[in-house]
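Engineer:
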Amino acid sequence: MDTSTKKSKRSKVASTRVRGVVLSPHGWQRFQAAKQQAESEEAWGKRFTQEDLIERTELSSNTLSRILNRELGVDRQSLEILFQAFGLELTKADYAPPVAASKTLESQREDPQQDWDSAVDASVFYGRETELAQLWQWVVAERCRVVGLLGLGGIGKSTIAVKAALQMRSEFEIVVWRSLANAPSFDGLLTSLLKFLMPIQGDDPIIPATLDEKLVLLMQYLRSQRCLLILDNAETILHSEQVGQWKSGYEAYGQFLRTLGETPHQSCCLLTSREKPREIALLEGGQSVVRSLSLSGLTPDNGRAIFQQKGAFTGSQAEWQTLVNHYGGNPLALKLVAAATQDLFDGSVAEVLTYLEQGVFVFEDIRDLLDRQFNRLSVEEQKILYWFAIHREPVAIAEIRENVIGTASQQTIPQQVNSLLRRSLLEKTDGLFFLQPVVLEYVTERLIQQLCTEFTTRQLDVWHSHSLIRVQAKDYIRAMQLRLILQPVMEWLLSAYRNVSEVENRARLLLAQQRSEYGAGYAAGNLINLLVQLKVDLQGSDFSELVVRQADLRQINLVGVNFQNSDLATCLFSETLGVPTSVDISPDGQVFAVGDINGFVYLWNVVSHQLIATFEGHRGGVWAVAFSPNGTTLASGGNDATVRLWNVQSGQCLWTSTGHTSRIWSLSFSANRQWLASGSDDQTARVWNLQGDCLHVLKGHTKNVYSVHFSPNHPILASGSKDTSIRLWDVETGKCLNVLEGHSSGIRCVRYSPDGQRLASGGLDGCIQLWSHPPSSKTHSCNLESSLRGHTNWVRNTIFSPEGDTLDWVRNIVFSPEGDTLVSSSDDGTLRLWNVQDGYCTNILGEQTVSALALAISTDGQVLISANQDRTVRLWQMPSGQSLKTLSGFTYGEHALSFSPVTVTAAQNQNDSASAGTGSPNQLFASSSSQTGMIHLWQWPVDREPLSSLPYRTLYRETSLISNLSFSPDGQTIATNGEDGSIFLWDVQTGQGDRWIAHDAPVLAVLFNPVGQTLASSSRDRTVCLWDVQTHQCLHVLQGHQSSMRTIAFDSQGQTLASGSYDQTIRLWDAQTGECLRVLEGHKGGVYALAFHPTEPILASGSFDQTIRLWNVQSGACLRILKGHTSIAFTIAISPDGQTIASGSDDQTVRLWNLETGECLHVMGGHASWISSVVFSPDGQILLSGSFDRTIKLWDVPTGHCIKTVKGDRLYEGMNIQGVTGLTTAQKTTLRALGAIS
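Residue numbers for the sequence shown follow this note's numbering, so the first one is 19 and each next one is one higher.
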């Protein structure tokens, strides 16, 4: 992009300007002071009427009204006349350009350089001219960097902040409002700010990894442009008992304020709070750039205006003054009293004062008044307020009605809501109802107090009537419910009952009471959610005969739990979903389909997120799904080289194709509903009619065809290939019309825009190309329009949003209906939105750290769905990027297997003391499941059957996906990898862990050096790091690979480290210096596995190309290629004597090879999914293999026979769901697949 264009974009001030000028707050203050002096001297203090001012200034009535209104501009000469009439001289500081529609906040929300977030409406505003003028003076005239706006709750801090910001916005290039009412972490605040600011600056919105880096970048933006940042409700994160101090975990906010005040920049932070933060108190002063303004109450006249907005009231001037002064001019208090005055005293101010004299309605602070108002409410009205506190955002009455239990209670909701509106405890906007921040905080506290009291007294009322967590709520709302409601309840209970077991015992007792006392309600679900948050082991629990609603049981081990005859409606459970590999949304936006690595196709409802159906038929992963244009059929294709067409309503497979000879990556329907296209690893694309007949085999590509997509306007098919080319085909003749070249590496995805005038392509080179495709169908020419760069790894997929502005990298590319948006996903773990017109990356969604394998966007552009490598399917709100819903899959996952290198004396058996032995030394065998986060440890016996008892210890790390583990040389420590970039070290004897962040991306492999205290880790960030285990100090960072590294290996002496990468190469490194010794090339696919010979300089490697290669480490020569597997060689191991190689593959077989001759000795079948790990026993006589089918198999090496199969428990193994209600047939099928019994 041209730098001048970028500069103009950055310097643009988006405010719409109108002609003329208005009085600035400074000028207004000068005018008011002069007018008041004249009134005192000339009219005995009586205010001038408008007629008096017309006579004095000789200005017309219309002009004078415009001046006093301060919304519409007038000529400067009129202001000079006004000022001269009061003996003033007009200066530049006294006037400013008017800003259109300043009365409303909504008119500003569309401005791309203003983000008003949850700012309150300030259209109804009374007085505060002096305060507004002071803020203008400090912020605009004196350019203060930090201004604190302080005052009691309800005094109007947020409203005046909005009003001031609206008046000053023409003085700033950027305005950003952020509420702290829901206590966001400082890291979350910085991320939110950067996501908004970076696209405005024309920068690629790659959010830095560390807090310090984020803060440095934000300060750069605050220096480069004049930005007004408003932080509202800071008291939420200030300590309640230590004035001015920040709550634990929020101290970084204080450092931020100090940085803003002490570091030069041209921006301003306006912060509202009930208390003055310590940093402002230390830095403020008359000559300082840090100031604070304490708000007092409204004047009697302005307070009276608040009453009059509520209706008709009667009272003398003196009575009004007494009433307003009694409540300190607090606007919220006055609104509450106004409602009470109307309800109880028919609008008579005199009667209210009579009660005040008797000590009724005495006002100490806003909380005291809220106490009185709340206590006057009926129990039903109080419970309605609790619901609004739980929802935490504006909500419709209909949604509240759905939550409330009982028909009679539901019928009275409208009356109760109207009553709360009259009492000013509820606010309304656009048909939605919500609580003011002060009231929200108060009601939340009352709710927490009530819950704790009921738990202690065993009288569950609100526990029964309200769900504390709404599992169907948007992800970010549910996170707030956990953090701000259930977490405080849990903390109070732990404080009151001293330990977890006491709280658990009482919760279980209360659960048992629900069977007889309460019937239908939320109590059981709430109590189970409490136990989950307490991390209580629920295995074997009796939850039978209960109504369990709104319980979030995803990823929770429920082995042996009894739910017999329980009502489980609205509960969330894990899905059987394996790694989701493909996704598409139906044309009507009601259903989305997901294909997974295990060969299943699932249909979910977009709104309710309920599983509708499961289609079975494929063998192996389903890498493509596509709805037909009318949504009645669904096509799927995958590893088994077949295309299947399904009836969406019945689930019937209409036909199965058998033309391709290898994996199918992509499917596309033509807009005319006549053709279906497929792209395959067999280097061809095929065109089918909808009866399953192959019409054309499109040949021309020389490598895998990863993506196909039809033009919406013409009978043209685009195909993208690993051979770096895009081909355009005439669908009617099968002729290749054009070959487009522009990528430097393979092309993962191609997609036409909805109007057919653009073609987008995403590649392994991390680049997205946009090609112009003229409407004419005669030339078929395409010109490279622009290149979008920013991803740091290969682009899996791109889709256009319905508006067509944004581009993301994913396995498929789809334009929005208008074609101005594109979304992309990459192996760098990011989801990006791109503006197609200017090529800017406008957003990076959420905090995604794992790759999205597929993307789909709804036809209205409001919902984006990503299928992610961490076994989740996530629905995102567009374009904000907020996470709406996450569907969590569960499969047992891949096994990682390892033996301790030396004998270890085992500690007391955790699971079975009788089998713990006498503490005699044994070698340990460890197995882990990537999905469960558990590591099981067995003593490896020499005198009895292996793995015949329970593991002697189980190590568990919550929410961790463990796919790799390694024993330390002394056998006392196990290292495991983390999806969050961390390394975890486990003490074998105690089970305790030690974690540190090692990489900026998921860690794929960890390995101890067999000699010394060094640990190696490889990551998706394309680096290998060598660590000092004791200090966690990084000794070397090894760089050179062009893609992620899944595997690393040390030689037996610990001198050489080998790394294998998806870039198809192996690198050998000096383990002491970090120097790259050699690069081994030859594989035709990514390298997945490495193993050194125990005594010889030989390295074995397994690859995506289905082969195993043997290399001479010293010369780099390839000694032998072992062929036989029909899919990826995922794992390899060399026997202790160095004579045998074992390999495990995606083809579900294990093979044993003679290392010297290359002969295949045995092919061992029996696993039902791909093999993720193989390891030889210490004596080399037994081979153990771990598979995605949740089994470990033990094989006799000499014969190749299977000795034993050990199967792990599924997530819901033995969970009794006999007689349960509230679940769909599909949900019951899912639970049974995860081990439930009925």
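Virtual Cβ for every residue (Gly too), placed ideally from N, Cα, C.
All figures in this text were calculated on a predicted structure; none of them were measured in a lab.
#1: From Glu76 to Val461, what does the alpha carbon distance come to, in whole angstroms?
#2: Could you work out which residue in Val723, Ser688 and Asp700 is closest to Asn707 when comparing CA atoms only?
#3: What are the partner residues of Met1063, as DSSP defines its beta bridges?
#4: Quick one: grab the DSSP three-state call for Ser559.
#5: Hey, how far is the Cα of Ser933 from the Cα of Met952?
#6: Give every residue of the same chain whose Cβ lies closer than 8 Å to the Cβ of Thr742, excluding the five residues on either side of it in the sequence, and list them in chain order.
#7: Give the secondary structure of Leu1249 by DSSP, where H, G and I count as helix, E and B as strand, and everything else as coil.
#8: By the 10 Å Cβ neighbour count, where 16 or more other Cβ atoms means buried, how is Arg65 classified, buried or exposed?
#9: The beta strand (DSSP E) spanning Leu746 covers which residue range?
#10: Among Phe1068, Ile298, Pro605 and Ser258, which residue has its Cα nearest to the Cα of Thr1257?
#11: Leaving out five residues on either side along the sequence, give the residues of the same chain with a beta carbon under 7 Å from the beta carbon of Leu275.
#12: Would DSSP call Trp7 helix, strand or coil?
#13: Classify Arg516 as buried or exposed, calling it buried when 16 or more other Cβ atoms lie within 10 Å of its own Cβ.
#14: Alpha carbon to alpha carbon, how far is Lys446 from Phe452?
#15: Can you tell me whether Lys175 is helix, strand or coil according to DSSP?
#16: How many angstroms separate the CA atom of Ser1037 from the CA atom of Gly655?
#17: With a Cβ-Cβ cutoff of 8 Å, do Ala1147 and Ala1186 count as a contact?
#18: Evaluate contact between the region 612-619 and the region 591-601, counting only Cβ atoms and requiring at least three cross-stretch pairs below 8 Å.
#19: Excluding the five sequence neighbours on either side, which residues of its own chain have a C-beta within less than 6 Å of the C-beta of Ala201, listed in chain order?
#20: For a minimum of 4 consecutive residues, which ranges assigned as the alpha helix (DSSP H) are wholly contained in the region 520-594?
#21: Kindly indicate which three-state DSSP category Cys470 falls into: helix, strand or coil?
#22: So, are the CB atoms of His1050 and Gly1092 less than 8 Å apart?
#23: Please report how far the alpha carbon of Glu302 lies from the alpha carbon of Ser314, in whole angstroms.
#24: Should the region 179-199 be regarded as contacting the region 310-328, the criterion being three or more beta carbon pairs within less than 8 Å?
#25: Using 8 Å for Cβ pairs, my map puts Gly837 next to Arg776. What's the rounded Cβ distance?
#26: Just mark Thr860 as buried or exposed, buried being the case when its beta carbon has 16 or more other beta carbons within 10 Å.
#27: Check each candidate in Thr148, Arg1040 and Ser136 and name the one with the smallest Cα separation from His44.
#28: Below 8 Å between beta carbons: does that hold for Leu849 and Ile862?
#29: DSSP three-state label for Lys1211, please.
#30: Under DSSP, the beta strand (DSSP E) around Ala872 begins and ends at which residues?
#31: Does DSSP classify Ile423 as helix, strand or coil?
#32: For Ile682 and Leu1086, what's the separation of their Cα atoms in angstroms?
#33: Rank Thr1144, Leu1173 and Leu1137 by C-alpha distance to the C-alpha of Ile1152 and give the top, closest one.
#34: Going by C-alpha to C-alpha distance, which of Asp1214, Asp1165 and Asp1207 sits closest to Leu1179?
#35: For Arg648, I'd like the list of residues in its chain whose CB is within less than 8 Å of its CB, leaving aside the five on either flank, ordered along the chain.
#36: Roughly how many whole angstroms lie between the Cα atoms of Ser197 and Ala357?
Structural biologist: In brief:
#1: Here residue 76 refers to the residue found at position 58 when the sequence shown is read from its first residue. Here residue 461 refers to the residue found at position 443 when the sequence shown is read from its first residue. Going from the Cα of Glu76 to the Cα of Val461 covers about 55 Å.
#2: Taking the sequence shown and counting its residues from 1, one reaches residue 707 at position 689. Out of Val723, Ser688 and Asp700, Ser688 has the C-alpha closest to the C-alpha of Asn707.
#3: Residue mapping note: residue 1063 aligns to position 1045 of the sequence shown, counting from 1. Partner(s): Ser1079.
#4: Walking along the sequence shown from the start, residue 559 turns up at place 541. Coil.
#5: In the sequence shown, residue 933 corresponds to position 915, counting from 1. In the sequence shown, residue 952 corresponds to position 934, counting from 1. For Ser933, the predicted model reports a pLDDT of 37, less than 50, meaning its position is unreliable; a value from the coordinates is still stated below. The alpha-carbon atoms of Ser933 and Met952 are separated by roughly 21 Å.
#6: Position 724 of the sequence shown holds residue 742. Contacts found: Glu759, His761, Ser762, Ser763, Gly764, Ile765 and Gly781.
#7: Taking the first residue of the sequence shown as position 1, residue 1249 is located at position 1231. Helix at Leu1249.
#8: Position 47 of the sequence shown holds residue 65. Residue burial annotation: Arg65 is exposed, with fewer than 16 other C-beta atoms found within 10 angstroms of its C-beta.
#9: If you number the sequence shown from 1, residue 746 lands on position 728. Start and end: Ser743 to Asp748.
#10: Beyond the ends of the chain as shown, which are 19 and 1256, falls residue 1257; an answer cannot be given.
#11: Here residue 275 corresponds to residue number 257 of the sequence shown, with the count starting at 1. So the qualifying residues of the chain are Val164, Pro295, Glu297 and Ile298.
#12: Because residue 7 is not part of the residues shown, which for the chain are 19 to 1256, the question remains open.
#13: Residue mapping note: residue 516 aligns to position 498 of the sequence shown, counting from 1. Here Arg516 is exposed: its Cβ has fewer than 16 other Cβ atoms, across all protein chains shown, within 10 Å.
#14: Walking along the sequence shown from the start, residue 446 turns up at place 428. Walking along the sequence shown from the start, residue 452 turns up at place 434. Straight-line Cα distance between these residues: approximately 6 Å.
#15: Counting from one through the sequence shown, the residue named residue 175 turns up at place 157. Helix, per DSSP.
#16: As a first step, residue 1037 is located in the sequence shown; it is residue number 1019 there, counting from the start. As a first step, residue 655 is located in the sequence shown; it is residue number 637 there, counting from the start. Going by the C-alpha atoms only, they are around 30 Å apart.
#17: Taking the sequence shown and counting its residues from 1, one reaches residue 1147 at position 1129. Taking the sequence shown and counting its residues from 1, one reaches residue 1186 at position 1168. No.
#18: yes
#19: Translated into the one-based positions of the sequence shown, residue 201 becomes position 183. For Ala201, where only same-chain residues beyond five positions count, the Cβ hits under 6 Å are Thr254 and Ile255.
#20: Taken in chain order, the whole alpha helix (DSSP H) runs of length 4 or more contained in the region 520-594 are 541-551.
#21: On the sequence shown, position 452 is the one that residue 470 refers to. Looking at Cys470 - three-state DSSP - the assignment turns out to be helix.
#22: To locate residue 1050, count along the sequence shown from 1; it is residue 1032. To locate residue 1092, count along the sequence shown from 1; it is residue 1074. No, Cβ-Cβ distance for His1050 and Gly1092 is not below 8 Å.
#23: Along the sequence shown, one-based indexing puts residue 302 at 284. Along the sequence shown, one-based indexing puts residue 314 at 296. The C-alpha of Glu302 lies about 19 Å from the C-alpha of Ser314.
#24: no
#25: As a working note, residue 837 is residue 819 in the sequence shown. As a working note, residue 776 is residue 758 in the sequence shown. Indeed they touch by this definition, with Cβ atoms about 7 Å apart.
#26: Against the sequence shown, residue 860 aligns to sequence position 842. Buried.
#27: Along the sequence shown, one-based indexing puts residue 44 at 26. Nearest C-alpha to His44: Thr148.
#28: By one-based count along the sequence shown, residue 849 stands at place 831. By one-based count along the sequence shown, residue 862 stands at place 844. In contact: Leu849 and Ile862 (Cβ atoms closer than 8 Å).
#29: Here the question's residue 1211 lines up with position 1193 in the sequence shown. Lys1211 falls in the strand class under three-state DSSP.
#30: Here residue 872 refers to the residue found at position 854 of the sequence shown. Residues Ala870 to Ile875.
#31: Residue mapping note: residue 423 aligns to position 405 of the sequence shown, counting from 1. Ile423 falls in the coil class under three-state DSSP.
#32: Stepping through the sequence shown from its first residue, residue 682 is reached at position 664. Stepping through the sequence shown from its first residue, residue 1086 is reached at position 1068. A direct Cα-to-Cα measurement between Ile682 and Leu1086 gives close to 35 Å.
#33: Mapped onto the sequence shown, residue 1152 falls at position 1134. If we check each option's Cα against that of Ile1152, Leu1173 comes out closest.
#34: The sequence position of residue 1179 within the sequence shown is 1161, counting from 1. Among Asp1214, Asp1165 and Asp1207, the Cα nearest to that of Leu1179 belongs to Asp1214.
#35: The residue labelled residue 648 in the question sits at position 630 within the sequence shown. The question names Arg, yet the displayed sequence has Asn at residue 648. The residues are Pro605 and Arg691.
#36: For this step, residue 197 is matched to residue 179 along the sequence shown. For this step, residue 357 is matched to residue 339 along the sequence shown. Straight-line Cα distance between these residues: approximately 28 Å.
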